[in-house]
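> Everything in the sequence shown is counted per our numbering, starting at 65 for the first residue and increasing by one. Glycine included, every Cβ here is placed at the ideal spot set by N, Cα and C. Have a look at the structure that comes next, please.
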Amino acid sequence: DSSEQSMRAACLRALGPALPRQPFAALSSAARRGRKKLDPAAARVAQEAHLQEALRLVRACAVRGYDEGVSVDVHLNVDAKRTEERVRGQVMLPHGQGKTVRVAVFARGADADAARAAGADLVGAEELVAEVMAGRLDFERVLATPDALPALAKAARVLGPKGLMPNPKRGTVVTEVAAAVQQAKAGQVEFRAQNQGVVMVGLGKVSFGADRLADNAIAALAAVLGARPDRFRGKPVHRITLSSTNGPGIDLDHYLW
Numbered sequence: 065d066s067s068e069q070s071m072r073a074a075c076l077r078a079l080g081p082a083l084p085r086q087p088f089a090a091l092s093s094a095a096r097r098g099r100k101k102l103d104p105a106a107a108r109v110a111q112e113a114h115l116q117e118a119l120r121l122v123r124a125c126a127v128r129g130y131d132e133g134v135s136v137d138v139h140l141n142v143d144a145k146r147t148e149e150r151v152r153g154q155v156m157l158p159h160g161q162g163k164t165v166r167v168a169v170f171a172r173g174a175d176a177d178a179a180r181a182a183g184a185d186l187v188g189a190e191e192l193v194a195e196v197m198a199g200r201l202d203f204e205r206v207l208a209t210p211d212a213l214p215a216l217a218k219a220a221r222v223l224g225p226k227g228l229m230p231n232p233k234r235g236t237v238v239t240e241v242a243a244a245v246q247q248a249k250a251g252q253v254e255f256r257a258q259n260q261g262v263v264m265v266g267l268g269k270v271s272f273g274a275d276r277l278a279d280n281a282i283a284a285l286a287a288v289l290g291a292r293p294d295r296f297r298g299k300p301v302h303r304i305t306l307s308s309t310n311g312p313g314i315d316l317d318h319y320l321w
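The structure is reproduced here in structure tokens:
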């Protein structure tokens, strides 16, 4: 809208030239023509340099007076409405997201004890299902052991629409409960493509600094692009954008990925 355009213009005027197009433009042209790709080490160097400059703009445009979040939006070249082209998965961000994640675990016996010892915020089976059915949803991640799934089935209509229902394909039905809880608390993030084929992953806070945000961005992009169906891998996506909570989107050169 006009307000975002005004903010973008003001930021770019204050910062000077936008993202440098060299050597990125040359690399993009070669990629478009299907020529030799960069080796992994050179690609990583180019990606880090490009992200550092993009994050400089993102952080400079975060002017709302609080520690805004930073996220990356990946506009995939898939049709998310087709079952075989759905993209979802998990990624461990090296520096987390800078927020406390509440984890609920549906388990019994020794598994429940292990979950509590690992730091799970809510643990239980039938009694926890009853609380969820009564409206308790004060958690961001849900894990379950296989033996707890029958009891959890009745809560599917509550958890499913919120993307919280444990599913083996998403890695949220677990047997190593302690390790799963520790990963969830340490910064493991779930992602999935929306109907328009866009995946959004939170990378942390502006206060993280460019280095930590760039590390998280590289990990997130590798996981999202690697989760695409085989026939899409190695092909450039439509668009990759970085932004702060209230700032304008900064487009990356998506041919670098």
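From Val151, His302, Gly251 and Phe272, pick the residue whose C-alpha is nearest to that of Asp294; which is it?
The residue with the shortest Cα to Cα distance from Asp294 is Val151.
> Nearest-angstrom Cα distance between Asp131 and Glu254?
Straight-line Cα distance between these residues: approximately 23 Å.
> Can you grab the Cα-Cα spacing for the pair Leu267 / Glu112, in whole Å?
Going from the Cα of Leu267 to the Cα of Glu112 covers about 15 Å.
> What did DSSP end up calling His139 once you bin it into helix, strand or coil?
Strand at His139.
> Are the CB atoms of Ala219 and Val196 nearer to each other than 8 Å?
Yes; because the gap between Cβ atoms is below 8 Å, this pair is in contact.
> Considering only residues of the same chain and omitting the five flanking positions on each side of Ala90, which have a CB-CB separation below 8 Å?
Confidence at Ala90 is low in this model, with a pLDDT of 39, below 50, so its placement is unreliable and the value that follows should be read with caution. Taken in chain order, the list of residues that qualify is empty.
> To the nearest angstrom, how far is it from the Cα of Gly235 to the Cα of Arg303?
Spanning the two alpha carbons is a distance of roughly 27 Å.
> How long is the line joining the alpha carbons of Val241 and Ala250, rounded to whole angstroms?
Between Val241 and Ala250, the C-alpha separation is close to 14 Å.
> Does the distance from the CB of Gln134 to the CB of Val122 come in under 8 Å?
First, the residue type needs correcting, since residue 134 is Val and not Gln in the sequence shown. Yes, they are a contact pair.
> I'd like to know if Leu223 contacts chain C, where contact means its C-beta is closer than 8 Å to some C-beta of that chain.
Given the protein chain composition of this structure (a single chain), no chain C is represented.
> Hey, would you say Trp321 sits closer than 8 Å to Leu277, going by beta carbons?
Result no, Cβ atoms of Trp321 and Leu277 do not sit closer than 8 Å.
> Does the distance from the C-beta atom of Gly313 to that of Gln246 stay below 8 Å?
Their beta carbons are not under 8 Å apart, which means Gly313 does not touch Gln246 by this criterion.
> For Val206, tell me which candidate among Phe296, Asn141 and Leu216 has the shortest Cα-Cα distance.
Closest by alpha carbon: Leu216.
> Short of 6 Å in beta carbon distance, which residues of its chain neighbour Glu190, apart from the five on each side in sequence? Order them along the chain.
Answer for Glu190: Ala215, listed in chain order.
> Buried or exposed, going by whether 16 or more other CB atoms sit within 10 Å of the CB of Lys269?
Buried.
> With a threshold of 16 other CB atoms inside 10 Å of the CB of Gln260, please say whether the residue is buried or exposed.
Gln260 is exposed by the Cβ-count criterion.
> If Val169 and Val187 are in contact, beta carbons under 8 Å, what's the gap, nearest whole angstrom?
Indeed, because the Cβ distance is near 5 Å, the residues count as touching under 8 Å.
> Nearest-angstrom Cα distance between Leu119 and Leu192?
Rounded to whole angstroms, Leu119 to Leu192 spans 42 Å at the Cα level.
> Going by DSSP in three states, Glu149 sits in which element: helix, strand or coil?
Helix, per DSSP.
> Report the rounded CA-to-CA distance for Ser92 versus Ala106, giving the unit in angstroms.
Because the pLDDT of Ser92 is 46, which lies under 50, any placement of that residue in the model is unreliable, and the question is left without a value.
> Taking Ala126 as the reference, give the member of Leu306, Arg146, Gly311 and Leu157 with the closest Cα.
It is Gly311.
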